[in-house]
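K.L.:
Below are the structure tokens for one structure; questions will follow.
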Amino acid sequence: MNIVVFNGSPRIKDSYRVTNKILDIMKAKEQLDIEYIHLKQLEIKECIGCMLCFEKGEELCPLEDDVLKIKEKLVAADGIIFVSPVYACHVTGIMKKAVDRMSFMFHRPELVGKAAINIVTTGGGGQNPTQKYLKLTSCGWGCNLVGMLSVISPLYFEDSDYYNFKYSNKIDKQIGNLTDKFIDSIGYSKKPVPTFYDLFMFHGLKSKALMFKADYEFWQSRGWLKSCYYYETRLNPFKRLFGISMDYLINIIYKRFFYLH
Ligand SMILES: Cc1cc2nc3c(=O)[nH]c(=O)nc-3n(C[C@H](O)[C@H](O)[C@H](O)COP(=O)(O)O)c2cc1C
């Protein structure tokens with residue numbers, strides 16, 4: 652199993668320790684290859700907004716740095732752990748900078764079918780908007796998000812003055828459950844039935860193919876332009892109707908306001 656840790660912590664401490672607990676449980680059960688992408692140790696230049704990656708492809712980005720190497724590692728993964736501490740009620744700056752630079756993956760989701768979990772550590776608050784953003788990112792890039800874990804570091808770690816035994820035990824149980832689910836979904840060949848959120852992302856992201864040539868070619872090459880989801884799946888009538896309605900509305904809006912292929 653090739654597990655990639657996509658880590659946005661500048662100091663690589665609390666969230667790294669929580670992530671390693673998960674990896675230790677996994678190692679006891681599975682043969683693992685672990686690739687740590689510590690964003691702070693890599694060269695990631697700020698996006699200059701030229702839109703070339705959207706219009707023509709990310710390989711034409713004028714900024715030369717480690718972003719394409721990061722993408723290749725994510726694409727090669729069987730499972731991905733998205734990690735960020737809360738900074739000012741959101742993901743860290745380095746995480747946001749990396750996601751900005753990889754925005755083309757919201758247009759051309761290359762991580763479809765990869766199991767993912769999100770880990771957030773916090774001093775006490777801000778975990779909800781941070782998790783929401785990581786969820787948007789992992790699902791928007793095509794991952795099968797298996798679960799999310801938020802940890803209040805001062806209460807969790809035994810070496811903290813604020814350590815709380817009950818809280819720490821509760822989180823350890825959550826870590827165990829989440830890890831089991833993560834392992835199961837990596838080895839599981841049956842693909843999960845998409846939720847409404849997944850369908851919303853799929854149809855919303857598909858709309859980019861109406862605007863950008865590179866996106867159109869990508870979605871067409873995958874056979875996703877006319878499909879109900881990224882893969883064959885049984886959708887109940889409500890979900891089917893939801894998808895058809897979204898496609899219909901998006902087509903009307905795009906025909907009215909944007910150039911159509
Ligand atoms: C610049 C900065 C901003 C932070 N902002 C918040 C915040 O808004 N809310 C919060 O509860 N904790 C905040 N924290 C605390 C961290 O989220 C917390 O210490 C976390 O466990 C750090 O994880 P790490 O060691 O993996 O970087 C902040 C810490 C720093 C350094």
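Each number in this note's numbering corresponds to the 1-based position in the sequence shown with 651 added.
C-beta: ideal position from N, C-alpha, C; glycine also.
Being a predicted model, the structure only gives us computed values, none of them experimental.
Could you please give the first and the last residue of the uninterrupted alpha helix (DSSP H) stretch that includes T781?
P.N.:
Where T781 is concerned, the enclosing alpha helix (DSSP H) stretches over Q778 to G791.
K.L.:
Give the range of the alpha helix (DSSP H) segment to which S896 is assigned.
P.N.:
P888 to F908 is the extent of the alpha helix (DSSP H) around S896.
K.L.:
For F657, which three-state DSSP category applies?
P.N.:
Looking at F657 - three-state DSSP - the assignment turns out to be strand.
K.L.:
Quickly, what does DSSP pair F733 with across the bridge? List them, please.
P.N.:
F657 and N769.
K.L.:
Can you tell me whether R885 is buried or exposed, with buried defined as 16 or more other CB within 10 angstroms of its CB?
P.N.:
So R885 ends up on the exposed side.
K.L.:
Name the two residues that bound the continuous beta strand (DSSP E) containing E706.
P.N.:
It is not in any beta strand (DSSP E) - E706 instead sits in the alpha helix (DSSP H) that spans L703 to E706.
K.L.:
Which runs of the alpha helix (DSSP H) fall wholly inside the region 817–867 and span at least 4 residues, in chain order?
P.N.:
Complete alpha helix (DSSP H) runs here, min 4: 847–857.
K.L.:
For D684, list the residues DSSP reports as bridge partners.
P.N.:
Answer is N653, bridged to D684.
K.L.:
Quick one: any contact between the region 758–765 and the region 786–794, if contact means 3 or more CB pairs under 8 Å?
P.N.:
Cβ pair count under 8 Å is three or more, so yes.
K.L.:
In the DSSP output, what is M798 paired with across the bridge?
P.N.:
Looking at the sequence itself, residue 798 is Gly, so the reference to Met does not match. According to DSSP, which records beta bridges pairwise, G798 is partnered with I768.
K.L.:
Pull up the CB-CB distance for I676 and G827, whole angstroms please, since I reckon it's below 8 Å.
P.N.:
With a Cβ gap of about 7 Å, I676 and G827 count as contacting.
K.L.:
Return helix, strand or coil for Y813, following the three-state DSSP convention.
P.N.:
Three-state result, Y813: coil.
K.L.:
Would you call F889 buried or exposed, if buried means 16 or more other Cβ atoms sit within 10 Å of its Cβ?
P.N.:
It counts as exposed.
K.L.:
So does the region 734–746 actually touch the region 774–792, counting three or more Cβ pairs closer than 8 Å?
P.N.:
Result yes; three or more Cβ-Cβ pairs closer than 8 Å.
K.L.:
Would M702 be called buried (16 or more neighbouring beta carbons within 10 Å of its own) or exposed?
P.N.:
Burial call: exposed.
K.L.:
For A727, count neighbouring Cβ atoms within 10 angstroms of its own Cβ and tell me buried if that reaches 16, exposed if not.
P.N.:
That one is exposed.
K.L.:
For V844, is the classification buried or exposed, using 16 other Cβ atoms within 10 angstroms of its Cβ as the cut-off for buried?
P.N.:
Looking at its Cβ environment, which holds fewer than 16 other Cβ atoms inside 10 Å, V844 is exposed.
K.L.:
Helix, strand or coil, according to DSSP, for Y880 in the structure here?
P.N.:
In this structure, Y880 counts as coil in the three-state DSSP scheme.
K.L.:
Regarding C879 and ligand 1, is the C-beta to nearest heavy atom distance less than 8 Å?
P.N.:
Because no heavy atom of ligand 1 lies under 8 Å away, the Cβ of C879 does not count as near it: no.
K.L.:
Which same chain residues end up closer than 6 Å to K691 when comparing Cβ atoms and leaving out the 5 residues on each side of it in sequence?
P.N.:
Cβ within range, chain order: P661 and I745.
K.L.:
Are I654 and I685 closer than 9 Å when you measure CB to CB?
P.N.:
Contact flag set, yes.
K.L.:
Alpha carbon to alpha carbon, how far is I770 from Y813? Give it in angstroms, no decimals.
P.N.:
Y813 and I770: Cα-Cα distance of roughly 21 Å.
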